[in-house]
Each structure stands twice: as structure tokens, then as C-alpha cells.
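Just so you know, numbering that gives the first Met the number 0 puts 150 at position 151 of the sequence shown, and the rest follows in order with no gaps.
Glycine residues also receive a C-beta, built at the ideal position from the N, C-alpha and C atoms.
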Amino acid sequence: MAVRSLPASLPQCCHTGSAGTRPYNPVLPVPTFGGEGGGPFAAKWRRSDASLPQPARGVSSMKSLHILGNHRVEIAEFPLPEPKANEVLVKVAASGVCGGEMHAFRGENAMAMNGGHEVSGIVADPNGHPQWDEGDRVGVFTLGGCGKCRWCRMGRDTFCEEVGTPAACHSEYIAVRANAMVKLADDVSAGAAVLLCGDGLGVPYGGTVRAGVGKGDVTCVFGCGPVGLGMVLMQRFMGCWPIAVEPVEARRKLALRVGAWQTIDPAAEENLTARLRELTDGIGPDACFECSGRQDTLDCAMDATKCEGIICQVGHGKQQLDPQKLIIKRNLTIFGNWVSHPGWYPDMLCLYRQGLPIERLITLETSFENAQEAYSRLEQGLEGKVILTWA
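Spelled out as C-alpha cells, the structure:
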């Protein structure tokens, strides 16, 4: 598949990396994101109400997916959640599978858990909240905050002292804080909303913008699971030249599909650091993004990144750093990036409407009834972003 060409100019409404950034007002309304219709994808994604999942009427139970470990999942019947005073009831339209769920999927002694936390749906019961109507299409920010503190007013609900926990979103219905949703415009599909409101695009967006990379910068992404692929896509669209380091061939092909300039199989390289420097005139990448949570890839990123370069750590693991040798003497900047923030949604929506092809990240959209196969394919590295729906 042909690699998407770089845009002639970067979107003016969004951060543009090292060439400069737009002025950004951190105090956002709580929350009125999304706009009204329009955009290049409007015709593709506009749909009639008949095609949407319908609200609950007289329903007392629901189906929910649980990960059992030992490479098994199951769908079981559970009582319908009862929303608290500050919550609304949402019928799930689409739920994304996160690469982090693979730890529980593989686990030998894992307790049954519902790991869903990237979701879109429709309001089934507004529960007295006047800003919502039954049938509203919504994207959900599963780590919603109080809506009043400094962090929430900045759109950084994740840092709120009252931040909630993901509401077991691999379910037919979920109870969601009324201030932790955004009404979706007609040009945003249920699947696209999973990415725009969740970690699958939010983490790559946050990492890329905070790193300050932009047009002409060479970046390196270690690990091309769903988040790593999102990094490649976002950075290529921002004008970077991403190098994707990934041992699984299927994922290297996916990386090319979303815009990688080069792909490298680390197992085929005697000296990966030397290879990265060879591709960058002996200097090293301007920025590296560690998305696998492995010590060896972090070590390589530390060695390969150019002096005064940037490293973004996204993968969770037990990695250790030597600040004296690797950070101080080479003037490296290292930061972490965890989950998405509601405050990033307007800029990500702007990028989407400017042509950011986020649908390329979604390689499998299937019913929850096929979840066992979907999880297995994701574990084997055969899929990018997996979206599950209640057919």
C-alpha cells in the first residue's frame, strides 16, 4: 500500500512541533467540545438514527466481556448499572481493545476483569442532566474528574484528585460522569470517537506534541502495537520521518501503512544503535518514543537519540535509567506520557478534519461475539486497533 504523502503545509489550528506552536488557551469550558457537522468525512460517516444502538427501555440486565487469563475471554450476563446522581447511563456503540489488556489476557492466574476504557455510545438515560438528551451520540473520557478543579478546567482530568476509574466499558451499558463526555458531530463515527476520546490516539498525540517534533524531524518509535502505530501516524502527519522498530513482520507492514519512513526488525540487526545512526547521518534520531515497556529498547533509545534529543517513555515495565551517564552528559530530555486528556480533544478533532487518516489504525472492527479471536489476533501482532461492537 502506498505511504501517505506529507501534507504541503501543517494544519494551522494545531501544534506544529519544533517550527513553532499555536497559542493555546489551557482553560477550556467544561465540556462543550465537538462542533457541529461538516468536515471532509461528513458524507462518509453520517448515518440515520435507525443504525444506532437504541436506548434501554425496561432492560434490567446486560452482557459484559471479561478477560479470564490463560488466553481466554468470556461474555456473561450482569445487572444493568445504576447511574449515581452525577452520572448518566450510556449504551455502548464501540469499545476499543487496548494493548495493555494483553497482560491480563496472557495471565496464568488472572482474576476475571473488564478492561475496557476506550468507548463511544449513545445516551440511554440522561438521569436529569439537562445538557444531555436521550439518543445523543457521545464519546466518553473514562478518567473523568470533578469538572471544577484547576486540572479539570485545563482539560487535564487525569490529574484531578477525584478522578474516576474506567467503568468496565466492554459492556452493553456503562454509567459515566455527566461531565466526562463529548457530544459527537455527524462527521465522527463511533470507531473514530474511540480513538479521538481514548488512549489509542490521545497518547500518540500527547507524546508527539509534548516532544515538540515537527516538519523534517526524524523520529524513532520502538514497538508498533496500537499506541506505537498511532505514534507513527501522528508524527508522519505532523511532517516527521518516523522509523518504526518492531520485531513482528505484520506490525512492520502496518507501520508502513500508517506512514513509517523506514521499518527495522531489531532481531535482524547486530547493532541497532549503529543502524539508527546510519539512517540519520551519524547523529541519531531527533526524538525516540519507547512504546514497548522493555529495558533493551529503552537502552537503545538512550544510546541512539541525538545529543540534546528527546525521549518519550510510554511503555509500562520495570525499566531503569542511569541519569549520570545517559541523561546529564548528553543533555537528554526524558518525559513520560500516560493516557489521554479531554483537553486534547479539540486539537485532535481539528487534525482529523484536516485529513489525519485515523481509520488506518483500525484494522479489525467486529462483534463482541468474536472477541476471543480478536484478542488472539491482537496478541499475535496481526492487528492494529481492534474495535468491538454489540451487533
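### Query
So, GLY292 versus GLY308, is the Cβ gap smaller than 8 Å?
Inclusion of GLY292 and GLY308 in the CB contact set at 8 Å is not warranted, their separation being larger than that value.
### Query
Quick one: what's got a C-beta closer than 7 Å to CYS290's C-beta in the same chain, skipping five residues either side?
Around CYS290: VAL220, PHE221, GLY222, GLY224, VAL226, GLY227, MET230, VAL313, GLY314.
### Message
Here's a check: name, in chain order, each residue in its chain whose Cβ is nearer than 8 Å to the Cβ of LEU320, leaving out the five neighbours to either side.
### Response
Within the same chain, LEU297, MET301, ILE326, ILE333 come within 8 Å of LEU320 by CB-CB distance, once the 5 residues on both sides are set aside.
### Task
Return helix, strand or coil for GLY281, following the three-state DSSP convention.
If DSSP states are grouped into helix, strand and coil, GLY281 belongs with coil.
### Task
Give the range of the beta strand (DSSP E) segment to which ALA123 is assigned.
Where ALA123 is concerned, the enclosing beta strand (DSSP E) stretches over 118-124.
### Task
Could you tell me which residues DSSP puts in a beta bridge with ALA93?
DSSP lists SER119 as partners of ALA93.
#### Entry: LEU355 versus TYR172 - alpha carbon distance
Going from the Cα of LEU355 to the Cα of TYR172 covers about 30 Å.
### Task
Would you mind sorting GLU248 into buried or exposed? The rule is 16 or more other CB atoms within 10 Å of its CB.
Sixteen is the threshold: since fewer than 16 other Cβ atoms of the shown chains lie within 10 Å of the Cβ of GLU248, the residue is exposed.
### Message
For ASN330 and GLY134, what's the separation of their Cα atoms in angstroms?
### Response
Going by the C-alpha atoms only, they are around 53 Å apart.
### Task
Measure the alpha-carbon distance for THR362 versus LYS328 and round it to whole angstroms.
Taken atom to atom, the span from the alpha-carbon of THR362 to that of LYS328 is near 42 Å.
### Ordered list of beta strand (DSSP E) runs contained in the stretch 206-283, each at least 3 residues
For secondary structure counted as the beta strand (DSSP E) over 3 or more consecutive residues, the stretch 206-283 holds these complete runs in sequence order: 217-221, 240-244, 261-263.
### Task
Select from ASN178, ARG149, VAL193 the residue whose C-alpha is nearest the C-alpha of LYS83.
For LYS83, the nearest C-alpha among the options comes from ASN178.
### Query
Residues in its own chain within less than 6 Å of ALA243 by CB, not counting five upstream and five downstream?
Cβ within range, chain order: VAL220, CYS223, VAL231, ALA254, ALA259, THR262.
### Message
Which residue marks the beginning of the beta strand (DSSP E) containing HIS65, and which one marks its end?
### Response
From DSSP, the beta strand (DSSP E) with HIS65 extends over 60-68.
### Message
Would the stretch 201-210 count as touching the stretch 337-357 if we require 3 or more Cβ pairs under 8 Å?
### Response
Verdict: yes, contact present.
### Query
Given a threshold of 16 other Cβ atoms within 10 Å of its Cβ, counted over all protein chains shown, does LYS90 qualify as buried or as exposed?
LYS90 comes out buried.
#### Entry: Inter-residue Cα distance where the pair is PRO80 and ILE121
Taking the straight line joining both Cα atoms gives about 15 Å.
### Query
If you follow the alpha helix (DSSP H) that VAL193 is part of, which residue opens it and which one closes it?
For VAL193, the enclosing alpha helix (DSSP H) stretches over residues 189-196.
### Query
Which whole-angstrom value is the C-beta distance of MET61 and SER170, which I expect to be below 8 Å?
Your pair MET61 and SER170 checks out as a contact, with CB atoms roughly 6 Å apart and the cut at 8 Å.
### Query
Are the beta-carbon atoms belonging to GLY99 and GLU364 less than 8 Å from one another?
GLU364 sits away from GLY99, with the two beta carbons spaced by 8 Å or more.
### Message
Taking the straight line between their C-alpha atoms, what separation do you get for GLY335 and GLY211?
### Response
Answer to the nearest angstrom: the Cα atoms are 14 Å apart.
### Alpha carbon of ARG155 to alpha carbon of GLU269, nearest angstrom
Roughly 42 Å between the two C-alpha positions.
### Query
Buried or exposed: ALA391, going by 16 or more other Cβ atoms within 10 Å of its Cβ?
The question about residue 391 has no answer here: the residues shown for the chain are numbered 0 through 390.
### Message
Does GLN353 come out as helix, strand or coil in the three-state DSSP assignment?
### Response
Correct three-state label for GLN353: coil.
### Query
Under the three-state reduction of DSSP, which class applies to PHE140: helix, strand or coil?
PHE140: coil per DSSP, three-state reduction.
### Query
Between GLU382 and the rest of its own chain, which residues show a CB-CB distance below 7 Å, the 5 nearest in sequence each way excluded?
Only THR362, LEU363, ARG376 meet the Cβ criterion.
### Query
For THR388, which three-state DSSP category applies?
If DSSP states are grouped into helix, strand and coil, THR388 belongs with the strands.
### Task
Check whether the Cβ atoms of LEU64 and ALA174 lie closer than 8 Å to each other.
Against a cut-off of 8 Å, the Cβ pair of ALA174 and LEU64 comes out as no contact.
### First and last residue of the uninterrupted beta strand (DSSP E) at GLU76
Start and end: 71-78.
### Query
When you compare only the Cα positions, how much space is there between GLY283 and LEU275?
Their backbone Cα atoms lie some 6 Å apart in a straight line.
### Query
Shortest alpha-carbon distance to ILE74 belongs to which of VAL217, TYR374, THR218, ALA370?
For the residues VAL217, TYR374, THR218, ALA370, the minimum Cα distance to ILE74 belongs to ALA370.
### Query
Secondary structure at GLU171, three-state DSSP: helix, strand or coil?
GLU171: coil per DSSP, three-state reduction.
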